[in-house]
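In my numbering, the protein residues as written are 343 to 912.
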């Protein structure tokens with residue numbers, strides 16, 4: 343999904359119910375617009391020659407391969423409900439789509455530890471588990487059809503099994519605890535490793551009640567509680583079986599019980615994962631109209647303090663309607679901003695990482711959704727603002743296709759080469775919005791994405807990921823990651839997960855302070871080998887960034903380069 347994502351063709355609450363919620367950054371669009379309105383209109387130089395994409399194919403990777411830090415010698419069978427039920431009926435289409443989204447979310451997380459294979463649980467064959475080093479089942483459809491062979495193999499499992507959510511009552515095994523239906527209360531807190539994590543009461547998914555009968559055999563990993571109520575088990579482990587009492591993706595935010603589930607998965611599948619905490623800084627929305635002196639103040643500080651950072655750069659500025667330039671249509675390329683290019687070159691020479699942040703970060707076809715000005719609008723997905731001020735995703739751009747996407751990328755890369763900058767090997771979708779076609783092309787062109795992903799039901803039919811023919815845009819699902827993964831597109835993903843400073847509330851989004859970001863980072867410490875990753879707009883100045891850096895260090899984070907995150911270096 344996007345930094346300004348809303349539900350596709352349905353109300354925002356439905357989207358929030360189905361997606362891991364991102365910390366949005368649309369608030370800064372207004373501030374960016376103020377910055378560019380003070381500049382004199384210019385007309386861009388002619389476009390540079392597009393580069394060839396043929397020689398940019400990254401190291402082979404596909405959906406199901408392990409992500410950064412994952413063990414290619416180990417493979418997890420990820421099973422999910424595809425809507426088939428015990429009584430022979432099939433769940434409603436929306437429930438089926440949600441189940442597939444949860445399966446994709448889980449597979450993405452599993453990739454941090456191992457390779458994976460995704461299959462409907464109803465298709466499980468006897469002893470199929472013998473070909474895998476671990477099993478994860480996501481129970482999101484109550485009374486789903488679970489083959490006896492699967493239940494028998496889990497009961498006698500010789501490999502780690504993580505069972506998430508519903509249907510645990512179908513498993514007949516003496517594990518020292520018992521599921522007793524759904525809890526009568528509505529927990530709002532999950533405590534994990536001594537840290538209280540939020541659980542939004544609007545989640546809608548029930549929490550299974552766990553009765554621990556033999557505490558000598560059962561380890562209580564996490565407890566859930568409602569206001570005024572006593573904590574009771576939310577996740578337990580006994581022998582090879584780990585159980586999480588709900589599917590933890592609905593209404594999940596940065597300080598959510600989702601973090602506990604992500605760490606529990608990693609611990610079960612990759613117990614040798616290191617306990618370390620790294621941080622990433624990405625300077626955001628750098629383009630041809632960025633003030634060089636503002637960028638230099640921030641980059642000089644980071645270089646002086648020996649703090650690694652990235653620069654998210656879009657190489658072409660466009661304001662086709664003159665909305666930010668006194669009514670005068672205006673455009674500019676990097677070659678038109680030699681002072682800015684000089685700052686970028688100095689930063690790269692000092693070790694900064696360039697990230698391609700789209701080509702123009704807007705659409706010349708009109709407001710998308712605001713004003714068609716670079717750094718303000720979506721580029722690769724159509725959006726609008728409804729009467730309540732909520733940003734909605736309306737589907738792929740009318741011209742969306744693999745050749746159209748390739749053309750914008752090739753032209754943008756040509757602009758980097760034209761001014762003597764290295765061609766970026768990482769890509770960030772503007773506002774994190776793109777179609778399934780676009781996401782697949784990024785995987786085939788760049789070594790990694792640096793963002794939060796957008797995912798589409800129908801992309802993994804029957805567990806076979808990669809189908810744009812069956813992917814639907816009726817619902818867009820978003821997920822942030824506490825550690826690097828290789829997602830269902832086959833892309834290595836450098837995470838961004840604690841958002842940004844957003845001084846002004848905008849549309850449906852509240853303002854956001856450094857204190858909010860640090861609270862998110864502190865909660866994320868429950869995840870072993872986590873990454874606290876944020877983006878920062880240079881026009882906000884050095885002072886706010888200095889405070890963030892010092893505070894993250896005080897929490898125990900070490901700043902790293904994205905390449906270190908991808909190759910697992912300490």
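Think of the CB as a built atom: it goes at the ideal place given N, C-alpha and C, for glycine as much as any other residue.
As the structure is a computational prediction, the values presented were derived from the model and not from experiment.
First and last residue of the uninterrupted beta strand (DSSP E) at residue i
| i | result |
| --- | --- |
| residue 835 | 834-837 |
| residue 417 | 413-422 |
| residue 660 | 658-661 |
| residue 820 | 818-821 |
| residue 789 | Residue 789 -> no beta strand (DSSP E), and no H or E assigned at all. |
| residue 673 | 672-675 |
| residue 939 | Within the shown structure, residues of the chain are numbered from 343 to 912, placing residue 939 beyond reach of any answer. |
| residue 523 | 519-524 |
| residue 763 | Here residue 763 belongs to no beta strand (DSSP E), and DSSP marks it neither H nor E. |
Residue(s) in a DSSP beta bridge with residue i
| i | result |
| --- | --- |
| residue 801 | Answer by DSSP bridge pairing: none, since residue 801 is not bridged. |
| residue 875 | 622 |
| residue 477 | 419, 503 |
| residue 734 | 726 |
| residue 776 | BP columns for residue 776 are empty, so no partner. |
| residue 537 | 534 |
| residue 653 | 625, 696 |
| residue 461 | 421 |
| residue 795 | 821 |
| residue 851 | 848 |
| residue 561 | 579 |
Span of the alpha helix (DSSP H), counted from its first residue to its last, around residue i
| i | result |
| --- | --- |
| residue 490 | 490-497 |
| residue 575 | It is not in any alpha helix (DSSP H) - residue 575 instead sits in the beta strand (DSSP E) that spans 574-580. |
| residue 606 | 600-611 |
| residue 446 | 435-452 |
| residue 893 | 884-896 |
Short Cβ contact (8 Å threshold) for residue i with residue j
| i | j | result |
| --- | --- | --- |
| residue 875 | residue 460 | no |
| residue 795 | residue 742 | no |
| residue 610 | residue 453 | no |
| residue 496 | residue 519 | no |
| residue 869 | residue 899 | no |
| residue 588 | residue 526 | no |
| residue 541 | residue 529 | yes |
| residue 439 | residue 817 | yes |
| residue 905 | residue 695 | yes |
| residue 757 | residue 658 | yes |
| residue 873 | residue 620 | yes |
| residue 583 | residue 445 | no |
| residue 628 | residue 653 | yes |
| residue 714 | residue 705 | yes |
| residue 749 | residue 411 | no |
| residue 791 | residue 752 | no |
| residue 772 | residue 722 | yes |
| residue 733 | residue 711 | yes |
| residue 491 | residue 466 | yes |
| residue 614 | residue 539 | no |
| residue 877 | residue 565 | no |
| residue 574 | residue 552 | yes |
| residue 670 | residue 664 | yes |
| residue 860 | residue 640 | no |
Residue i to residue j span [Cα, whole Å]
| i | j | result |
| --- | --- | --- |
| residue 908 | residue 432 | 41 Å |
| residue 562 | residue 479 | 19 Å |
| residue 586 | residue 578 | 7 Å |
| residue 381 | residue 631 | With a pLDDT of 43 at residue 381, under the threshold of 50, the modelled position of this residue cannot be trusted; read the value that follows with caution. So the two alpha carbons sit approximately 8 Å from each other. |
| residue 708 | residue 414 | 46 Å |
| residue 602 | residue 901 | 23 Å |
| residue 892 | residue 503 | 40 Å |
| residue 720 | residue 746 | 15 Å |
| residue 455 | residue 793 | 20 Å |
| residue 618 | residue 866 | 11 Å |
| residue 895 | residue 698 | 28 Å |
| residue 387 | residue 660 | 12 Å |
| residue 545 | residue 568 | 13 Å |
| residue 581 | residue 560 | 8 Å |
| residue 820 | residue 797 | 6 Å |
| residue 442 | residue 805 | 8 Å |
| residue 647 | residue 683 | 22 Å |
Minimum Cβ-Cβ distance from residue i to chain B less than 8 Å
| i | result |
| --- | --- |
| residue 621 | The structure shown contains no chain B, having only a single protein chain. |
Distance cut-off 7 Å: residue i Cβ against heavy atoms of the ligand ZN
| i | result |
| --- | --- |
| residue 618 | As far as ligands go, the structure on display features none, and thus does not contain the ligand ZN. |
Worksheet entry | contact_flag[the stretch 469-486, the stretch 830-845] where n(CB pairs < 8 Å) is 3 or more | No, the stretch 469-486 is not in contact with the stretch 830-845.
Discussion item. Would you call the stretch 726-744 in contact with the stretch 670-689, where contact means no fewer than 3 C-beta pairs closer than 8 Å?
Written reply: Using a C-beta cut-off of 8 Å, the stretch 726-744 makes no contact with the stretch 670-689, since fewer than three inter-stretch Cβ pairs fall below that distance.
Worksheet entry | Touch test, the stretch 844-858 against the stretch 808-823, Cβ-Cβ under 8 Å, three pairs minimum | Flag = no, the stretch 844-858 and the stretch 808-823 do not touch.
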